[in-house]
Structure formats: C-alpha cells, structure tokens
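In what follows, a structure is listed as structure tokens, so that the remarks can point back to it.
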Amino acid sequence: MRLIAGLEEATSGQVYFGDEDMTARSVQDRELGFLFQGYALFRHMTVAENIAFGPRVRKMDIDIDARVEELLALVGLTGYGKRYPPQLSGGQRQRVALARALGCNPQLLLLDEPFGALDPLVRKALRGSLKEIVSSIGVTTIIVTHDQEEAWDLADEVIIFNRGRIEQRGMPEQITRHPKSPFVMNFVGGVLHLPSNCQFLRRMGLAVPQPYVMIRPAHIDVHKSFEGKKNICAATVKDKSRVGWLVNYTIVFDDGVDIELTVGRKEDELFYDFAAGDRVYLTADVSNVVPFSPSEIDDPMFEEVVMLGARAA
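Using the numbering used here, read the sequence shown as starting at 1 and increasing by one per residue.
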C-alpha cells in the first residue's frame, strides 16, 4: 500500500497505473485518495471544511462548495456540513473520511483497514454503502483487510499475500472453490484439520504422505444407517448444541479423532435430529481434500489485499 501511494521508495520493480509508470512520481502527482482506520479528520474543522481541504490545497479549478455538497449527498450525509467530527458517530466520521478521500477526483482509492474501528453492524452497513459508491463513481479501489468476510463481500478480485508474496489471485468464488495451496485453503477457512492416517480417512480410501489433510464439512455426509453405503465409517455423537438457528454436532470416531459439523435447525429436524450417544455413519468426498504439513499454514504473517476493480464504462 505504501509503495503504491509513493510513501516508500521501491527497491525493485515498478508501480504502474494502467500503462503509466508511476514509480518515480511524488505522492501529490499520483492522484490518489486515502482512507484509513483512524479517519484522520481535522477535529477543529467542520465536516464541509474537512472535505474541501484537498481541493483547496490543490487549488482545483472547480466549484468547491458544490463539490462538497455533491460528496455529502453521495455518502448519505446531506445537511451535516456544519457539524464537527466529535459530534458524529464512528460510522458517520468514516463516511466523512470517504467523502474527503474522493474530494480531488482520485484515479485510485486506497483503503487501509477502513472499518476496523467500527462495531460489526456498522461495518456491514458501510460495506454496502462503499460498494454502491465505488460502483456509481467508477473509481478503482484497493482495500487492505484481514477480515475475510469483508474481502469476499467487497471484492471483484482478491489477492492473498503470504510472507510478502502473492499466494493466489482471482475472484472470491474461484479462490474458495479452487485454492492453490494449503495456506490459501486454510486462510479461506471453514475447513477441518484431520490426521491423514485417521480411521475416517483410511476408510474413505485416502493415502497421502503428508501428516494432515484439510477437508470442508460440506464434503462430509452423516447417515443414520450404514445400509447401502460404501466406504463408510462409524462414529458416535459426542455432543449437540443449539446456537440460534444453527445446530452444532461434535462427532467422535472410534480412534478418538473428532470433528465438528454445523447444520441449520430446520435441516437438522428434517434429516438428522441426532442425540448425544447416537451411533452414526459418515462418508466423504475425498477428491477435494488438501494434504499439508503444519509448516505450510502456521504463519501469522499474512495480509489480504482486495482489489475492488471499478467497472466503469
């Protein structure tokens, strides 16, 4: 992010905006908009003055007051121009910061953990607003986030970094369905980690040299009977709990390995409705498992960059 913005000098490679080499350009000449987690608003200035700051400093040949009103309407804050940042909620301050970032008509918008300081409900609402705003004005946006839900909700294209290198790049659905490495599959989440030599996987006919595999719960089926089933493994329901509209099962195999599966309450009533102590029988599609060693995924040094490509005509 800092290299793209010109805040740090690249030791190798180039930074291009389209076909234009921006590597040697100053921050001011890159025509960027910035939005940070901490808002960075001027507390002593009104909302309107904050938004007008960039165009005034750059001496843009536009009707600045009209531009401010246009941006306030765009972010849903019409009538808030005379208020000061301390008088606003966190979500409103972030909207002002977004309006200010758009004040100079940037060709690229950079967002660094823009919703990190907000509570979950406000974050979700602002994500929806951001998608609409970016789509309406047609500005390419790069977002740095460690929140996968945020990334998948906003992105046209996702780039997952691991130790400073690109691990995988593609559309969210493509990455979810076809992770190219154990790191990516683990990062995408929603997976179970199982010893590759456990009873369940052996019964499924799986044999791999790596000590562990990842498998998605969606690829595991639980049955009340073993009749008519091939490659099936018996297990026992260890625990059952209900959380809202979800039902969580802990199922333990005869070798002591256990897994956790979650189903909707209605689905549970129709197809499962097991109780603790019930004997059940599991099958799995092991064609989609990903074998791995712990060293391949045990890495806290990761970040996710989301490229929200504007699809302007």
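Glycine included, each C-beta is placed from N, C-alpha and C at the ideal position. Remember, predicted model here, so these are calculated numbers, not experimental data.
Start-to-end residues for the beta strand (DSSP E) that takes in Ala-151
No beta strand (DSSP E) contains Ala-151, which is instead part of the alpha helix (DSSP H) from 148-154.
List the whole-angstrom C-beta distance separating Leu-206 from Val-286, where the pair is believed to meet the contact cut-off of C-beta under 8 Å.
5 Å
Distance, Gln-148 Cα to Met-185 Cα
12 Å
Relative to the alpha-carbon of Tyr-212, which residue among Arg-203, Cys-198 and Ala-218 has its alpha-carbon at the smallest distance?
Cys-198
Could you check if Arg-123 is buried or exposed, using at least 16 other CB atoms within 10 Å of its CB as the buried criterion?
buried
Tell me the DSSP secondary structure of Val-323 in three-state form.
Summary: the structure shown does not reach residue 323, with the chain confined to residues 1 through 313, and so no result is reported for it.
Best match in Lys-266, Arg-279 and Ile-215 for proximity to Ala-235 [C-alpha to C-alpha]
Arg-279
Given Asp-258 as reference, the closest of Ala-66, Ile-62, Cys-233 and Val-243 once Cα atoms are compared:
Cys-233
Are there three or more Cβ pairs, one per stretch, closer than 8 Å when the stretch 264-272 is compared with the stretch 158-170?
no
What residue range does the alpha helix (DSSP H) around Pro-120 cover?
120-137
Quick one: complete beta strand (DSSP E) runs, 3+ long, within the stretch 218-278?
220-223, 233-243, 246-253 and 258-264
Distance, Cα to Cα, Arg-83 vs Asn-50?
11 Å
Can you tell me whether Asn-162 is helix, strand or coil according to DSSP?
strand
Pick helix, strand or coil for Leu-98, following the three-state DSSP scheme.
helix
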